[in-house]
Each structure stands twice: as structure tokens, then as C-alpha cells.
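Asker:
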Amino acid sequence: MTLAVENGGGKTPQWQKVMVVAEPTRESAAALHYVLSRVVFDNDILYLLHVENTTFWKNGISCFKKQSSSTTRDEGGSHGGAGVGCIGGNVDFLDQMKNACEVVHPRMKVKVSRVEADSKDKAYVIISETKVHGIDLLVVGKRQSLANAILRQRINGTIRETAEYLIENSKCTCVAVQRKGLTGGYLLHTKNHRNFWLLA
4 MTLAVENGGG KTPQWQKVMV VAEPTRESAA ALHYVLSRVV FDNDILYLLH
54 VENTTFWKNG ISCFKKQSSS TTRDEGGSHG GAGVGCIGGN VDFLDQMKNA
104 CEVVHPRMKV KVSRVEADSK DKAYVIISET KVHGIDLLVV GKRQSLANAI
154 LRQRINGTIR ETAEYLIENS KCTCVAVQRK GLTGGYLLHT KNHRNFWLLA
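Each residue of the sequence shown is one higher than the one before, starting from 4 at the first, in this note's numbering.
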């Protein structure tokens, strides 16, 4: 289990608070799948945190994505919009994630939190939320290299991916997850372990 590795092989606590950064993307779905299959138990508490950056959608990239998602929704309904990873007026993907959690771990407490970043950095808001809720483990989906180049963030004067910033600055253990195909397992990134391949 991830916490046992990060704590030097110590005993796993009787229960833990785990937070997953929830977005309508494949990366976020992979992170949640990893948590449900490898990390949490029924007596744990799982937080699904969605941070909506209202200022992000004002730039050119967001306009392009919103136009593309709008066209897809017109042709195939709301399901098509979620497929491209854009957030419309309805964030029902959070309900879908919560339902998936309840199916796998019906006795586990699942809490959904929606927070607006406004002018603050997304990573800063996430770290603040981990402190508020006393999170033991933070899990975030890590984008592929091409997506990193397009959707990277400017933090403290440097351009860095949100996941990398969380790994380096989170007070609790942070794991960034990449899914290596449907049966290829996971590529995990933590402060002490980089590119750790965990078989499915």
C-alpha cells in the first residue's frame, strides 16, 4: 500500500483520509481507479475535490476546448462533453465518481467538495484543502507529456505542472498516477519515488 511505503514500511493506520483531485478527465479517472483498487478500505474516508478555476476559461485554449465540447454535446448529448474533459454548467461527473466509489466500497464514507479557485493557483487551493480536512494521502492524475506542455501552470514565477507542484509542496503524502493501458498497471510519482511502475 502506498502509505506503508511512504512511512517506511510502518503499520497502516486503522483509518485514513484520502483525497482525490476530481476532474472529468482520463487522468483523474485513472487516479480514482488506483485509489479504489489499491489504497482505500471501507473504514477510510475518501474526499473527491474539484477545483474550478474560473479565470482559466478566459484564455485562448479554454475557448478552443469549449467550442469543441459544445459541438460534441450538440451531436451526442452531455456525454460527449465529458469525453473531452471540459466542464460545462453541470458537474455531474462528480456524482458518477461518487457512485463508483460506493459500488466498490459501499461502507466507505465518500465526501464531495467543489471549490472555486478564483485568482488563486489551483495547486495552492488543493494544498489548502488538504490542510483543512487533515488529509493523509493526496492522489492526483498525471497528464501525458504532450498535455503537460499545453496545460501547464505558472506557479511562483516558474512553469510547472500542477501534479509536480503538489508532490513537492504538499504536507501530506502526494501520489501522481498515470495509467499504463487497461492491463499495464500504474506509473506512480511521489516525492521519494519517481516512475514507480505498479503492475495491475
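Idealized CB from N, CA, C, for every residue including glycine.
Everything numeric in this text was worked out from a predicted model, so none of it was measured.
Please report how far the alpha carbon of LYS123 lies from the alpha carbon of LYS174, in whole angstroms.
Answerer: 19 Å
Asker: Check each candidate in VAL21, VAL178 and GLY137 and name the one with the smallest Cα separation from PHE44.
Answerer: VAL21
Asker: Let's test the definition: count the other Cβ atoms within 10 Å of the Cβ of ASN46 and tell me whether it reaches 16, buried, or not, exposed.
Answerer: exposed
Asker: Would you kindly check if the distance between the Cβ of GLN17 and the Cβ of LEU140 is under 8 Å?
Answerer: no
Asker: What's the C-alpha gap between VAL178 and LYS145?
Answerer: 9 Å
Asker: To the nearest whole angstrom, what separates the beta carbons of VAL54 and ILE129, a pair I think is in contact under 8 Å?
Answerer: 6 Å
Asker: For GLY79, does the count of other Cβ atoms within 10 angstroms reach 16, so buried, or fall short, so exposed?
Answerer: Because the pLDDT of GLY79 is 42, which lies under 50, any placement of that residue in the model is unreliable, and the question is left without a value.
Asker: Could you compute how far the alpha carbon of TYR189 sits from the alpha carbon of ALA120?
Answerer: 29 Å
Asker: Among residues of its own chain, excluding the 5 on either side of LEU39, which ones have a beta-carbon nearer than 6 Å to its beta-carbon?
Answerer: VAL107
Asker: Do you know whose CA, among THR133, ASN56 and GLU164, lies nearest ILE48's CA?
Answerer: Taking each of THR133, ASN56 and GLU164 in turn and checking the Cα distance to ILE48, the smallest one comes out for THR133.
Asker: Assuming the contact rule is C-beta atoms closer than 8 Å, VAL180 and TYR37 should be a hit. Round their C-beta distance to whole Å, please.
Answerer: Their Cβ separation, rounded to whole angstroms, is 5 Å, which keeps VAL180 and TYR37 in contact under 8 Å.
Asker: Taking the straight line between their C-alpha atoms, what separation do you get for GLU105 and PHE199?
Answerer: 28 Å
Asker: On a CA-only basis, which of LEU52, ILE170 and VAL135 is nearest LEU97? Give me that one, please.
Answerer: Ranked by how close their Cα comes to the Cα of LEU97, the residues LEU52, ILE170 and VAL135 have LEU52 in first place.
Asker: Candidates ARG117, ALA33, THR176 and ASN195: which alpha carbon is nearest GLY137's?
Answerer: THR176
Asker: Once the 5 residues before and after LYS101 are set aside, which same chain residues still bring their CB inside 7 Å of it?
Answerer: LEU51, VAL113 and VAL115
Asker: Terminal residues of the continuous beta strand (DSSP E) containing GLY192?
Answerer: The sequence given here has His at residue 192, not Gly. For HIS192, the enclosing beta strand (DSSP E) has its first and last residue at 189-192.
Asker: For the alpha helix (DSSP H) containing ILE48, name the first residue and the last one.
Answerer: From DSSP, ILE48 is part of no alpha helix (DSSP H) but of the beta strand (DSSP E) over 48-55.
Asker: Between which two residues does the alpha helix (DSSP H) harbouring LYS174 extend?
Answerer: Premise fails: LYS174 is in no alpha helix (DSSP H) and is neither H nor E.
Asker: Which ranges would you report for the alpha helix (DSSP H) in the segment 91-128 if only whole runs of at least 4 residues count?
Answerer: Whole alpha helix (DSSP H) segments, 4+ residues: 96-107.
Asker: Excluding the 5 residues preceding and the 5 following THR193 in the sequence, name in chain order all residues of the same chain whose CB lies nearer than 6 Å to its CB.
Answerer: VAL178
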